[in-house]
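J.:
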Amino acid sequence: GAGVSQSPRYKVAKRGQDVALRCDPISGHVSLFWYQQALGQGPEFLTYFQNEAQLDKSGLPSDRFFAERPEGSVSTLKIQRTQQEDSAVYLCASSPLSNEQFFGPGTRLTVL
Amino acid sequence: QKEVEQNSGPLSVPEGAIASLNCTYSDRGSQSFFWYRQYSGKSPELIMFIYSNGDKEDGRFTAQLNKASQYVSLLIRDSQPSDSATYLCAVKDRDDKIIFGKGTRLHILP
Numbered sequence: 001g002a003g004v005s006q007s008p009r010y011k012v013a014k015r016g017q018d019v020a021l022r023c024d025p026i027s028g029h030v031s032l033f034w035y036q037q038a039l040g041q042g043p044e045f046l047t048y049f050q051n052e053a054q055l056d057k058s059g060l061p062s063d064r065f066f067a068e069r070p071e072g073s074v075s076t077l078k079i080q081r082t083q084q085e086d087s088a089v090y091l092c093a094s095s096p097l098s099n100e101q102f103f104g105p106g107t108r109l110t111v112l
Numbered sequence: 001q002k003e004v005e006q007n008s009g010p011l012s013v014p015e016g017a018i019a020s021l022n023c024t025y026s027d028r029g030s031q032s033f034f035w036y037r038q039y040s041g042k043s044p045e046l047i048m049f050i051y052s053n054g055d056k057e058d059g060r061f062t063a064q065l066n067k068a069s070q071y072v073s074l075l076i077r078d079s080q081p082s083d084s085a086t087y088l089c090a091v092k093d094r095d096d097k098i099i100f101g102k103g104t105r106l107h108i109l110p
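Chains as they are written, first to last, in the working numbering: chain A, 1 to 112; chain B, 1 to 110.
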């Protein structure tokens with residue numbers, strides 16, 4: 001079956017622009033996670049949903065970051081007024097009610 | 001602050017030898033431990049997970065967990081050039097959050 005998909009795969013934004021990153025999890029997966037991965041670093045946790053409920057958003061670096069999953073399936077990570085330090089790969093992962101996470105291909109965001 | 005520590009490498013291992021990757025974690029309440037492989041420009045893929053002290057084997061891979069020492073390792077037997085990648089250690093803490101290490105770059109020498 002289809003894996004986790006993310007769009008766009010690449011995004012270039014001017015500083016101050018708003019961006020929206022989309023994640024389509026594996027069908028039926030209850031849990032959805034967003035991570036930020038800077039070059040040469042491991043993925044850093046941003047936020048976590050179980051169905052439509054956002055259970056943990058402690059990793060969001062500032063109030064410019066916002067995530068939603070209104071119908072418990074597709075999720076969107078929105079970054080307002082992008083800054084250069086937001087440049088990274090944004091990874092989405094989904095999971096059934098188990099420990100194994102399946103990652104999407106990521107969105108590479110470059111803020112100029 | 002909860003941490004997962006790995007040597008960044010690169011770790012160079014001759015083809016056919018055993019590669020040994022190590023990881024320590026700070027949260028003693030952690031319950032689940034994972035090893036992911038990440039090729040350059042790709043997303044992480046799960047190789048192994050382990051919950052209990054001791055060893056868990058899957059093909060050429062063995063995960064080892066020592067909760068008393070807060071130490072997890074991954075052994076890769078009969079290393080192949082295709083094993084060259086970054087290996088990420090991840091720990092699920094008591095709050096169910098998964099924390100990743102920075103990864104160890106492994107290079108298998110043909």
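Built from N, CA and C at the ideal position, the CB exists for glycine as well.
Here the structure is a predicted model, which is why all the values come from computation and not from measurement.
Ends of the beta strand (DSSP E) at A/Asn51?
T.: Counting along the chain, A/Asn51 falls outside any beta strand (DSSP E), and DSSP gives it neither H nor E.
J.: How about A/Gln17 and A/Thr82: do their beta carbons lie closer than 8 Å?
T.: Yes, they are a contact pair.
J.: Where does B/Pro14 sit, in a helix, a strand or coil, going by DSSP?
T.: In the structure shown, B/Pro14 sits in a strand (DSSP, three-state: E or B).
J.: Expressed to the nearest angstrom, what Euclidean distance is found between the alpha-carbon atoms of B/Phe61 and A/Arg15?
T.: Their Cα atoms are separated by approximately 44 Å.
J.: Since B/Gly101 meets chain A, which of its residues come closer than 9 Å, beta carbon to beta carbon?
T.: What B/Gly101 touches in chain A: Gly42.
J.: For A/Asn99 versus B/Phe49, is the C-beta distance shorter than 8 Å?
T.: The answer is yes: Cβ separation under 8 Å.
J.: Once you ignore the five residues that flank B/Lys102 on each side, which residues in its own chain have a CB closer than 7 Å to its CB?
T.: Contacts found: Gln6, Ser8.
J.: Closer than 7 Å by C-beta to A/Asp86: which residues in its own chain qualify, once you throw out the five before and the five after it? Chain order, please.
T.: So the qualifying residues of the chain are Ile79, Leu109, Val111.
J.: Just tell me which of A/Asp63, A/Lys11, A/Pro61, A/Gln37 has its CA closest to the CA of A/Cys92.
T.: Among A/Asp63, A/Lys11, A/Pro61, A/Gln37, the Cα nearest to that of A/Cys92 is on A/Gln37.
J.: Could you spell out the range, first to last residue, of the beta strand (DSSP E) harbouring B/Glu57?
T.: That run of the beta strand (DSSP E) goes 54-58.
J.: Given a limit of 8 Å on CB to CB distance, which residues of the region 60-85 of chain B reach chain A?
T.: Against chain A - using a Cβ distance shorter than 8 Å - the region 60-85 of chain B contributes no residues.
J.: Taking the alpha-carbon positions, what's the A/Glu71 to A/Asp24 distance?
T.: Going by the C-alpha atoms only, they are around 12 Å apart.
J.: Taking DSSP's pairing of strands, which residues face A/His29 in a bridge?
T.: In the DSSP output, where bridge partners are listed per residue, A/His29 has none listed.
J.: Which residues in chain A have a C-beta closer than 8 Å to the C-beta of B/Leu88? List them in chain order.
T.: The answer, in chain order, is Gly42, Pro43.
J.: Assign B/Leu106 to buried or exposed, taking buried as 16 or more other Cβ atoms, counted over all protein chains shown, within 10 Å of its Cβ.
T.: With 16 or more other Cβ atoms within 10 Å, it is buried.
J.: Would you call the region 23-30 of chain B in contact with the region 85-95 of chain B, where contact means no fewer than 3 C-beta pairs closer than 8 Å?
T.: With a cut-off of 8 Å, the region 85-95 of chain B and the region 23-30 of chain B count as touching, because enough Cβ pairs lie within range.
J.: Could you name the residues of the same chain whose beta carbon sits closer than 7 Å to that of B/Ser80, not counting the 5 residues immediately before and after it, in chain order?
T.: Correcting the residue identity first, residue 80 of chain B is Gln in this sequence and not Ser. So the qualifying residues of the chain are Glu15, Ile108.
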